[in-house]
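Be aware that the sequence shown starts at 28, since it is given in the numbering used here, and climbs by one per residue. Glycine included, C-beta positions come from ideal geometry on N, C-alpha and C. Let me begin by presenting the structure, written as structure tokens, before commenting on it.
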Amino acid sequence: MTRWTGHEAGLLRKAMRLTGKAFAGLVGVNPRQIPRWESRGETLELSLANQAALDTVLSQATREVQQRFASLLTERAAFEHDERAEELLRRDSRTSRHPGDGKLMTLIEEGIYLSGAENRSVWLDAYLIDVYPTTNEDYGKFVEATGHRPHDTGPAADTRSS
28 MTRWTGHEAG LLRKAMRLTG KAFAGLVGVN PRQIPRWESR GETLELSLAN
78 QAALDTVLSQ ATREVQQRFA SLLTERAAFE HDERAEELLR RDSRTSRHPG
128 DGKLMTLIEE GIYLSGAENR SVWLDAYLID VYPTTNEDYG KFVEATGHRP
178 HDTGPAADTR SS
């Protein structure tokens, strides 16, 4: 994290699935601090010592916890258009806006990637991918703008006749 606020601290606690007391013990703060941090959200920038402690907790967390934290952090940015998260991503020279829909994209470098259940090595050229998942609303706009036939999503698909 570039800058920890009460909001991000709360997301990390949720990603770790810990009570406030257990999380406080891990971070090394008084358990009464955690509800205060979370209630003040983005208006509370944590002290440098607490930010360093949270950096350590995040770096030592399991991969699953780190992925949950990243999902929680980007989920809000994707659905609520969290300007702060988007600003952090805009500072990354590997990100750009799609000229058609304005969605934030990031560069995936060329290289060897493992593919499939058997982890077969494959070479992929560099490409751009959306930072946030495509929502149903985004997909609907794409279908309408391009005239593409909507993808059949199975039993839950819209079965209305044209």
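Selected residue, minimal CA-CA separation from residue i, among the options
| i | options | result |
| --- | --- | --- |
| Glu-35 | Asp-179, Leu-99, Asn-163 | Leu-99 |
| Leu-134 | Phe-50, Met-43, Asn-146, Val-158 | Val-158 |
| Leu-75 | Trp-31, Val-170, Glu-145 | Trp-31 |
| Gly-127 | Arg-147, Ile-61, Lys-168, Gly-138 | Lys-168 |
| Met-132 | Gly-37, Arg-63, Ala-49, Ser-123 | Ser-123 |
| Val-84 | Val-56, Ala-153, Glu-69, Thr-101 | Val-56 |
| Thr-161 | Lys-48, Leu-81, Lys-130 | Lys-130 |
| Leu-81 | Gly-143, Gly-37, Arg-90 | Gly-37 |
C-alpha gap between residue i and residue j, whole angstroms
| i | j | result |
| --- | --- | --- |
| Arg-59 | Asn-163 | 41 Å |
| His-175 | Asp-165 | 13 Å |
| Arg-95 | Arg-40 | 10 Å |
| Glu-65 | Gly-33 | 5 Å |
| Leu-45 | Ala-79 | 19 Å |
| Arg-171 | Pro-177 | The sequence given here places Glu at residue 171; Arg does not occur at that position. Cα to Cα, Glu-171 sits roughly 9 Å from Pro-177. |
| Leu-73 | Ile-61 | 11 Å |
| Gly-68 | Arg-147 | 44 Å |
| Asp-179 | Leu-71 | 46 Å |
| Ser-142 | Arg-90 | 19 Å |
| Glu-102 | Glu-145 | 30 Å |
| Lys-48 | Ser-86 | 20 Å |
| His-125 | Arg-63 | 39 Å |
| Glu-137 | Thr-173 | 29 Å |
Assigned exposure category for residue i - 16 Cβ within 10 Å defines buried
| i | result |
| --- | --- |
| Val-19 | Nothing can be reported for residue 19: it is not among the residues displayed for the chain, which extend from 28 to 189. |
| Ala-153 | exposed |
| Phe-51 | The question names Phe, but residue 51 is Ala in the sequence shown. Buried, because 16 or more other Cβ atoms sit within 10 Å of the Cβ of Ala-51. |
Anticipated Cβ contact below 8 Å, residue i with residue j, distance rounded
| i | j | result |
| --- | --- | --- |
| Leu-155 | Tyr-140 | Actually they are not in contact, since the Cβ atoms of Leu-155 and Tyr-140 sit about 16 Å apart, beyond 8 Å. |
| Ala-88 | Met-43 | 7 Å |
| Val-54 | Asn-77 | 7 Å |
Cβ-heavy atom distance, residue i to the ligand SAH, below 8 Å
| i | result |
| --- | --- |
| Ser-123 | No copy of the ligand SAH occurs in the structure displayed, which carries no ligand at all. |
Give, in chain order, every unbroken run of the alpha helix (DSSP H) that is at least 4 residues long and sits entirely within the segment 63 to 112.
-> Segments of the alpha helix (DSSP H) lying fully in the segment 63 to 112: 75 to 87, 90 to 107.
Jot down the residue ranges of each uninterrupted beta strand (DSSP E) in the segment 125 to 172, minimum 3 residues, whole runs only, in chain order.
-> 131 to 135, 138 to 142, 147 to 151, 154 to 157
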